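The listed protein sequences correspond, in order, to chains A and B. For what it's worth, our numbering labels the leading residue of the first sequence as 5, then goes sequentially. For what it's worth, our numbering labels the leading residue of the second sequence as 5, then goes sequentially.
Number of protein chains: 2
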Amino acid sequence: MAIRTAERMLGQLRDAGFKITAQRVAIVTELADDPSHPTAQELYERLRPNEAAMSFATVYNTLAALEQVHACTALALSQGPTRFDPKMDPHHHVVCDQCGKMVDLPYSESPEAAALPEGFALRSIEKIYRGVCAPCRT
Amino acid sequence: MAIRTAERMLGQLRDAGFKITAQRVAIVTELADDPSHPTAQELYERLRPNEAAMSFATVYNTLAALEQVHACTALALSQGPTRFDPKMDPHHHVVCDQCGKMVDLPYSESPEAAALPEGFALRSIEKIYRGVCAPCRT
DNA sequence: CAACCTAATTAGAATCATTCTAATTGGCAA
DNA sequence: TTGCCAATTAGAATGATTCTAATTAGGTTG
Numbered sequence: 005m006a007i008r009t010a011e012r013m014l015g016q017l018r019d020a021g022f023k024i025t026a027q028r029v030a031i032v033t034e035l036a037d038d039p040s041h042p043t044a045q046e047l048y049e050r051l052r053p054n055e056a057a058m059s060f061a062t063v064y065n066t067l068a069a070l071e072q073v074h075a076c077t078a079l080a081l082s083q084g085p086t087r088f089d090p091k092m093d094p095h096h097h098v099v100c101d102q103c104g105k106m107v108d109l110p111y112s113e114s115p116e117a118a119a120l121p122e123g124f125a126l127r128s129i130e131k132i133y134r135g136v137c138a139p140c141r142t
Numbered sequence: 005m006a007i008r009t010a011e012r013m014l015g016q017l018r019d020a021g022f023k024i025t026a027q028r029v030a031i032v033t034e035l036a037d038d039p040s041h042p043t044a045q046e047l048y049e050r051l052r053p054n055e056a057a058m059s060f061a062t063v064y065n066t067l068a069a070l071e072q073v074h075a076c077t078a079l080a081l082s083q084g085p086t087r088f089d090p091k092m093d094p095h096h097h098v099v100c101d102q103c104g105k106m107v108d109l110p111y112s113e114s115p116e117a118a119a120l121p122e123g124f125a126l127r128s129i130e131k132i133y134r135g136v137c138a139p140c141r142t
């Protein structure tokens, strides 16, 4: 499964005309089936010890490319570094105010508080409508 | 109304034991009935020309204090600087992917897309469950 | 209402996250 | 195989926020 997800993501890059480099393979493989919503920093630290050279800018560049081809989503939902999510079907997020960690929540209309992680102290539920405003569309 | 809101916010600070300084009065007055969700930078630039001295750190400190006493909310919903919201009754937000500006949306269970700003191109609706996770609670 | 205690303010440095730069490397199409 | 141009690199630059250490000023007390 992990390999299949990674290959799908790489295919999306290839189809959009991005070159498949050793660094991109490594980053995509690391992110593909990681449900922990890692930060760029975390990915960089996991990959640096490996044989292939890896710079910090490349992690950001590759994540931006993946976002562009809709192979991952950047989650900026709280203070702290942006987190990256390879799961592309619609779902919601549980966010910790303190540590910033995020957990996926399956998409469903109701009930609101079902299936929260064990021991999570819910404070608020917030809806965000994302898109592009009229002035920015011109 | 503006004055009343500002005074309520200052009262909340006072009641929590915070001192009421000229800088805090200025920041609170500026934020109180501003529906534009200003950033710390924007508040600083609006206030700097005034007679009272104002440092950047003070803007952040005061906004942190206001958040602590539940007189405002910090909104970190996208890349770019945190925005601050003095409206404390439950509501949702419309966020522009491009410029980061935010608009309030009245709280209602349905329908999803009602009352969006004129010309806003909706891309996704996201639910965020906020709170504190089990490990952070200890 | 003066003095004091302590919190708040200040400028500037430090830190963290991210993006940029300019030179080098390497996919991959012809 | 060659060459073009995108991708990579280290390090500097930028932007947002927090920290630091010294000074100032609320507001409580005598």
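The beta carbon of each residue, even a glycine, is placed where N, CA and C say it ideally should be. Computed from a predicted model, the values in this text were never measured in an experiment.
Minimum C-alpha distance to residue i - residue among the options
i	options	result
leucine 109 of chain A	A/His97, A/Asp101, A/Gly21, A/Ile24	A/His97
serine 82 of chain B	B/Glu130, B/Arg28, B/Val136	B/Glu130
glycine 135 of chain A	B/Cys137, B/Tyr111, B/Arg127, B/Ile132	B/Arg127
histidine 41 of chain A	A/Asp89, A/Thr9, A/Phe60, A/Gln102	A/Asp89
glycine 104 of chain B	B/Met92, B/Ala68, B/Arg87, B/His95	B/Arg87
aspartate 38 of chain B	B/Ile7, B/Ala125, B/Ile132	B/Ile7
arginine 28 of chain A	A/Ser59, A/Cys137, A/Thr66, A/Gly21	A/Thr66
threonine 9 of chain B	B/Met58, B/Lys91, B/Ala20, B/Gly21	B/Lys91
valine 99 of chain B	A/Phe124, A/Lys23, A/Cys140, A/Tyr133	A/Tyr133
alanine 138 of chain B	A/Phe124, A/Cys137, A/Thr142, A/Arg52	A/Phe124
methionine 106 of chain A	B/Glu11, B/Thr77, B/Cys140, B/Met106	B/Cys140
threonine 77 of chain A	B/Ile24, B/Asp101, B/Arg18, B/Glu49	B/Asp101
phenylalanine 60 of chain B	B/Glu49, B/Thr142, B/Leu70	B/Glu49
Closer than 9 Å to chain A by CB, residue i
i	result
cysteine 137 of chain B	yes
valine 98 of chain B	yes
glutamate 71 of chain B	no
glutamine 16 of chain B	no
glutamine 102 of chain B	yes
glutamine 83 of chain B	yes
threonine 86 of chain B	yes
lysine 23 of chain B	no
valine 29 of chain B	no
arginine 8 of chain B	no
Beta carbon proximity, residue i to chain B, threshold 9 Å
i	result
tyrosine 64 of chain A	no
glutamate 130 of chain A	yes
cysteine 140 of chain A	yes
aspartate 40 of chain A	First, the residue type needs correcting, since residue 40 of chain A is serine and not aspartate in the sequence shown. Not one chain B Cβ lies under 9 Å of serine 40 of chain A.
alanine 125 of chain A	yes
lysine 91 of chain A	no
proline 121 of chain A	yes
alanine 78 of chain A	yes
valine 32 of chain A	no
proline 110 of chain A	no
arginine 134 of chain A	yes
Cβ shell of residue i (< 7 Å), same chain only, five flanking positions each side left out
i	result
leucine 47 of chain A	Ile31, Glu34, Leu35, Val63
alanine 26 of chain A	Ala56
proline 2 of chain B	Coverage of chain B is limited to positions 5 through 142, which leaves residue 2 of chain B absent and any answer about it impossible.
alanine 80 of chain B	Thr86
arginine 52 of chain A	Met58
Nonlocal neighbours in the same chain, by C-beta distance under 6 Å from residue i, ignoring five residues either side
i	result
alanine 75 of chain B	Met13, Gln16
alanine 119 of chain B	none
Close beta carbons around residue i, own chain, < 8 Å, minus the five adjacent residues each side
i	result
glutamine 72 of chain B	Ala20
histidine 95 of chain B	Asp108, Leu109, Pro110, Tyr111
asparagine 54 of chain A	Ala30
isoleucine 24 of chain B	Leu14, Leu17, Arg18
Practice task
Kindly provide the ranges of any alpha helix (DSSP H) runs that are 4 or more residues long and lie completely inside the region 42 to 118 of chain B, ordered along the chain.
Solution key: 44 to 51, 60 to 72
Problem - Residues in the region 47 to 58 of chain A having any Cβ partner in chain B nearer than 9 Å - result: none
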